[in-house]
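S.K.: The C-terminal residue of the sequence shown carries number 309 in the UniProt record's numbering, and the numbering is unbroken.
We treat Cβ as the ideally placed atom computed from N, Cα and C, and that holds for glycine.
Have a look at the structure that comes next, please.
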Amino acid sequence: MLSVIRNCRVYMANDNNGNVVPDESISITEVTSGSKYTKHCVVWGIYTVGEKHIYGVGVILQNDIILSYTVINVTERQLSAKNTKEKHIGFIIAGSYRYPERIPYSQASKWMDGKVYMHSARKENPQAGLIKLDETLRLHPYYVAVMTLPEHDYNGSENCVLVGWGDHKDKFTFAHKDAFEAKVKVLNTETCREHYPNLHDRIICIFSEQGDEICDAAGGEPIICDGILTGIMSSVKCEQGKPRHSVNVFQIKDWIEEQMAILSSIASRLMVYIGIPKFSTRRIKRAPLKVFLIFSERIETSSEDLILI
């Protein structure tokens, strides 16, 4: 018997003991928008004076580390702000299939620090960045889960998907309210270089018949082949009918692991005003922050109803 947790859009089934668990045999994309891999994904961006700016998607590598196509140095941005009252802080939203149109400050995990893989303006170079959260995520095997790094390089599988919310509708929202899963093909290096002759060795190309969804994706979306994290979508858009760049995660695995160890040793730098215009603000000094998990209770309501300020 199938039942649905409506606010999460997760399809469930009962096990032999009567417990409700996700039905792994169901390909969610065949039933509705969404993906069983969304539990590994987050949306990230930056608040500035109460206004949010969405930058892309990321993948949970550990309970306080997110992998994406880049990261913004929020600490540096805060220190260089001309207006001392102008507060900058990074945020992520985890645990939701549906992207909320409003993200209350108190209901998002915060961050200030990160590491960029390669500072380069060349489109042919790999893009990757690690975000260090100021508080650990509350993990859950079905809704907010770590995705392990690959043990081997991409093996030529055609069973690959991209998971995300599509292009930016504007700087606040995505084109799709619900996460979606799109089947993609990872091209071999020779085919890829027919389109991009100067392509870096640590980039792979992906292609899909659903060209618009791939070419217009925001960036940071995971490319998952046979359940293995294979690539992270770059921010470089592509033309219809052409492949798109994705960093080869295995090829930068050593850098990722090295930087994760460094970031995990960094103390929280979060010391900012938390609040939204027209609401009272309060000073936070390295205090614990509430992690927003939209799935925390089974209630009969839509996700919009859960986004309360």
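1. Can LEU67 and LEU130 be called in contact, C-beta distance under 7 angstroms?
2. Excluding the 5 residues flanking GLU190 on each side, which residues of the same chain have their C-beta closer than 8 angstroms to its C-beta?
3. On the three-state DSSP scale, how would you describe HIS88?
4. DSSP three-state label for MET147, please.
5. In angstroms, rounded to a whole number, what distance separates the CA positions of CYS41 and GLU86?
6. Taking all protein chains shown into account, do 16 or more other C-beta atoms lie within 10 angstroms of the C-beta of GLN240, making it buried, or fewer, making it exposed?
7. Within 8 angstroms, do at least three Cβ pairs link the segment 133-144 to the segment 195-211?
8. Please name the residue, chosen from HIS53, ALA94 and ARG122, that lies closest to LEU137 on a Cα-to-Cα basis.
9. Look at the Cβ atom of TYR69, then the Cβ atom of ILE266, and state whether they are nearer than 7 angstroms.
10. Could you have a look at VAL116 and say whether DSSP puts it in helix, strand or coil?
11. Short check: CB of VAL146 to CB of LEU162, under 7 angstroms?
12. Would you mind reading off the limits of the alpha helix (DSSP H) that contains ALA182?
13. Decide if ASN155 is buried, meaning its Cβ has at least 16 other Cβ atoms within 10 Å, or exposed.
14. Using the rule of at least 16 other Cβ atoms within 10 Å of the residue's Cβ for burial, across every protein chain shown, is MET1 buried or exposed?
15. Looking at VAL57: is its Cβ nearer than 7 angstroms to the Cβ of GLU221?
16. When you compare the CB positions of CYS215 and CYS238, do they come within less than 7 angstroms of one another, or not?
17. Candidates LYS132, TRP165 and PRO150: which alpha carbon is nearest residue 311's?
18. Distance, Cα to Cα, GLN62 vs SER264?
19. Can you give me the C-alpha to C-alpha distance between ALA261 and ALA217, rounded to a whole angstrom?
20. Between the alpha carbons of HIS119 and PHE91, how many angstroms are there, rounded?
21. Note the first and the last residue of the continuous beta strand (DSSP E) segment covering LEU263.
22. Measure from the alpha carbon of THR75 to the alpha carbon of each residue in HIS200, ALA179, ILE54 and TYR47, then state which is nearest.
23. Please list the terminal residues of the continuous alpha helix (DSSP H) segment that includes LEU79.
M.R.: In this structure, then:
1. Cβ atoms of LEU67 and LEU130: closer than 7 angstroms.
2. Only residues of its own chain outside the window of five on either side were considered, and among them none has a CB closer than 8 angstroms to the CB of GLU190.
3. Strand at HIS88.
4. MET147 falls in the coil class under three-state DSSP.
5. Near 29 angstroms, if we compare the C-alpha coordinates of GLU86 and CYS41.
6. With fewer than 16 Cβ atoms within 10 Å of its Cβ, GLN240 is classed as exposed.
7. With a cut-off of 8 angstroms, the segment 133-144 and the segment 195-211 do not count as touching, because too few Cβ pairs lie within range.
8. Of the candidates HIS53, ALA94 and ARG122, the one whose C-alpha sits nearest the C-alpha of LEU137 is ALA94.
9. No, Cβ-Cβ distance for TYR69 and ILE266 is not below 7 angstroms.
10. Three-state DSSP puts VAL116 in a strand.
11. Contact flag unset, no.
12. Element bounds for ALA182: not the alpha helix (DSSP H) but the beta strand (DSSP E), 180-187.
13. Burial call: exposed.
14. With a pLDDT of 31 at MET1, under the threshold of 50, the modelled position of this residue cannot be trusted; read the value that follows with caution. MET1 should be labelled exposed.
15. Yes, the Cβ-Cβ distance between VAL57 and GLU221 is below 7 angstroms.
16. Closer than 7 angstroms, so yes.
17. With the chain covering only 1 through 309, there is no way to say anything about residue 311.
18. Near 10 angstroms, if we compare the C-alpha coordinates of SER264 and GLN62.
19. Near 30 angstroms, if we compare the C-alpha coordinates of ALA217 and ALA261.
20. Those two C-alpha atoms are separated by around 22 angstroms.
21. For LEU263, there is no enclosing beta strand (DSSP E); the residue is part of the alpha helix (DSSP H) that begins and ends at 253-264.
22. With distances taken between Cα atoms, THR75 lies closest to TYR47.
23. Where LEU79 is concerned, the enclosing alpha helix (DSSP H) stretches over 74-80.
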